[in-house]
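Just so you know, the sequence shown maps onto residues 26 to 382 in the numbering used here. Structure first, then comments.
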Amino acid sequence: MTGPTDVKPTVLIVDDEAAPRAALTQILRNNFQVLTAENARAAMAVLNDHGVDLVTLDLRLPDRSGAELLTEIKRAHAEIEVIMVTAYGTLQSAMDCIRQGAAGFLLKPFNATELLTISLQTTQKKQRLDMLREWLASDKDLWGPEPACTEAWHKLAAAYGSRFKQGILQNTDAGEPSPLLQLLSDLLEAKDRHLVNHGNRVSFYASLVANRMQLSLPEQNILSLGALAHDLDLIHIPAKPVLQQETDRSSHRTDLGARIGRALGLPADAVQIIALHHERWDGTGYPFGLQGQRIPLPARITTLAQAFDHLTAERSGTTPLTVKAALDEIERQAGTAFDPALTEIFCRAMREQPPQA
Ligand SMILES: [Fe+2]
């Protein structure tokens with residue numbers, strides 16, 4: 026398990042030009058062990074031979090594009106964090122790289138403080154994720170029967186929290202989320218970054234609706250938390266790719282997700298979202314076949330929000346729908362899958378404030 030930060034993390038600087046390599050080395054050397062590579066082939070050789078925590082990656086390399094190398098790094102070493110550094114960046118290339126798993130994006134000429142801050146924050150996040158990955162893989166009680174299960178989650182949360190408080194995982198920004206929110210987010214990301222991205226988007230869409238409906242602030246906060254955590258059960262199931270599980274009914278164990286949520290101290294109404302977001306308005310959903318307004322409102326909102334994200338998000342093997350086509354499809358299922366009145370509010374909110382592509 027990753028120990029305290031008395032050992033400096035290792036960064037690999039990938040850039041074909043000597044001057045930026047020297048500048049990056051200068052900025053990072055006090056806080057990192059620094060390795061360098063001039064091209065993609067040399068970079069992969071270093072990554073295969075050394076334990077590297079962070080890569081700063083130039084978008085233009087002599088032997089292949091930085092974006093291609095990013096994909097290869099993520100395929101071979103999914104846990105290594107990558108920050109793109111480029112003089113040729115555009116918003117589009119930044120978004121493409123983030124979608125492919127880059128942790129951040131910086132434009133040359135870079136600001137030294139900004140570069141150091143993002144590098145430190147990214148390696149701190151990696152320490153948190155490494156700790157969780159190892160814990161999730163090794164503690165079988167987390168997935169077993171009670172009472173050992175809840176006890177195991179308490180232990181995990183306490184260990185995570187104590188590192189958090191000791192400053193090993195310290196936040197540098199006063200606007201950072203609460204430890205519980207951070208833990209939920211890290212648990213999802215430790216499993217698969219698509220899972221945390223999905224959770225964040227669903228939470229955002231659900232919040233738009235909650236805002237439209239003028240729910241109270243505590244109600245909005247609980248909805249936002251439960252929507253983020255709605256697929257918490259998927260941090261366990263190892264057999265299929267997460268994106269496939271996400272839409273595959275037989276893969277879901279909402280009871281397990283709810284149990285984890287409860288053990289971690291989520292409010293009861295947020296746990297209910299995890300447990301009931303696969304119910305359908307017409308009573309044909311699961312796990313209980315609840316019908317209509319017997320399904321709690323926050324779960325009904327989350328069902329809509331996650332269906333919308335399934336239709337619009339990029340995922341391997343499917344072409345995402347446009348917002349318009351996705352909303353048409355959602356409306357087609359009003360009264361069967363979804364609460365009709367809520368569908369109207371949701372679609373109006375999305376049409377008036379469409380998510381960024
Ligand atoms: Fe989902």
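Idealized CB from N, CA, C, for every residue including glycine. A quick note: this is a predicted structure, and the numbers were derived from the prediction, not measured.
I believe residue i touches residue j by the beta-carbon criterion, under 8 Å. Please report the beta-carbon distance rounded to the nearest angstrom.
i	j	result
residue 305	residue 368	Actually they are not in contact, since the Cβ atoms of residue 305 and residue 368 sit about 12 Å apart, beyond 8 Å.
residue 18	residue 141	Since the first and last residues shown for the chain are 26 and 382, residue 18 lies out of range.
residue 255	residue 299	6 Å
residue 129	residue 147	6 Å
residue 206	residue 185	Residue 206 to residue 185, Cβ: 12 Å. No contact.
residue 182	residue 250	With 8 Å as the limit, residue 182 and residue 250 do not qualify as a contact, their Cβ atoms being about 15 Å apart.
residue 126	residue 95	7 Å
residue 224	residue 258	No, residue 224 and residue 258 are not in contact; Cβ-Cβ is about 12 Å, not under 8 Å.
residue 105	residue 72	7 Å
residue 56	residue 145	6 Å
residue 291	residue 324	Not a contact, Cβ separation roughly 14 Å.
residue 384	residue 253	What is shown of the chain runs 26 to 382, which leaves residue 384 out entirely.
residue 284	residue 174	6 Å
residue 237	residue 370	6 Å
residue 377	residue 124	The pair is not a contact, with the Cβ atoms about 26 Å apart (cut-off 8 Å).
Name the residue from the options whose alpha carbon lies nearest to the alpha carbon of residue i.
i	options	result
residue 76	35, 64 and 111	35
residue 89	66, 79, 107 and 70	66
residue 79	125, 102 and 338	102
residue 204	153, 175 and 239	153
residue 180	164, 169 and 170	164
residue 42	344, 61, 32 and 167	61
residue 135	235, 109 and 375	109
residue 337	159, 49, 92 and 222	222
residue 233	365, 139, 49 and 374	374
residue 97	68, 50 and 370	68
residue 58	33, 318 and 286	33
residue 295	321, 316, 278 and 314	321
residue 286	44, 176, 50 and 150	176
residue 319	159, 171 and 364	364
residue 64	54, 48 and 93	93
residue 384	187, 316, 172 and 326	Since the first residue shown for the chain is 26 and the last is 382, residue 384 is missing from the structure and cannot be characterised.
residue 359	339, 317, 139 and 377	317
residue 45	143, 137 and 74	137
residue 188	172, 169, 170 and 150	150
residue 170	280, 48 and 139	280
residue 107	178, 143 and 117	143
residue 139	343, 240 and 49	49
residue 353	366, 344 and 372	372
residue 218	172, 293, 99 and 303	99
residue 91	315, 241 and 118	118
Does the distance between the C-beta of residue i and the nearest non-hydrogen atom of ligand 2 fall short of 7 Å?
i	result
residue 316	With respect to small molecules bound, the structure shown includes ligand 1 and not ligand 2.
Chain B beta carbons: is any one of them nearer than 8 Å to that of residue i?
i	result
residue 325	The structure shown contains no chain B; it is built from a single protein chain.
For the stretch 310 to 381, which segments carrying the alpha helix (DSSP H) assignment without a break, of at least 4 residues, lie completely within its bounds, in sequence order? 322 to 337, 348 to 357 and 365 to 377
Check whether the stretch 346 to 356 and the stretch 306 to 322 touch, using three or more Cβ-Cβ pairs below 8 Å as the test. no
Report the start-end ranges of each beta strand (DSSP E) in the stretch 103 to 146 that is 3 residues or longer and not cut off at the edges. 106 to 111 and 129 to 132
Is it a yes or a no for the stretch 319 to 332 touching the stretch 227 to 246, going by three-plus beta-carbon pairs under 8 Å? yes
Stretch pair the stretch 214 to 226 + the stretch 238 to 248: three plus CB contacts closer than 8 Å: no
What alpha helix (DSSP H) runs, 4 residues minimum, are completely inside the stretch 198 to 258? 204 to 216, 218 to 237 and 242 to 253
Check whether the stretch 76 to 91 touches the stretch 32 to 47, taking contact to mean three or more Cβ pairs, one atom from each stretch, closer than 8 Å. yes
If you measure from each residue's Cβ to the nearest non-hydrogen atom of ligand 1, which ones come out under 5 Å, in chain order? 256 and 331
Alpha helix (DSSP H) runs contained entirely in the stretch 43 to 78, provided each spans 4 or more residues: 43 to 53 and 65 to 74
Entirely enclosed beta strand (DSSP E) segments - the stretch 141 to 175, minimum 3 residues: none
Inside the stretch 80 to 106 only - beta strand (DSSP E) runs reaching at least 3 residues: none
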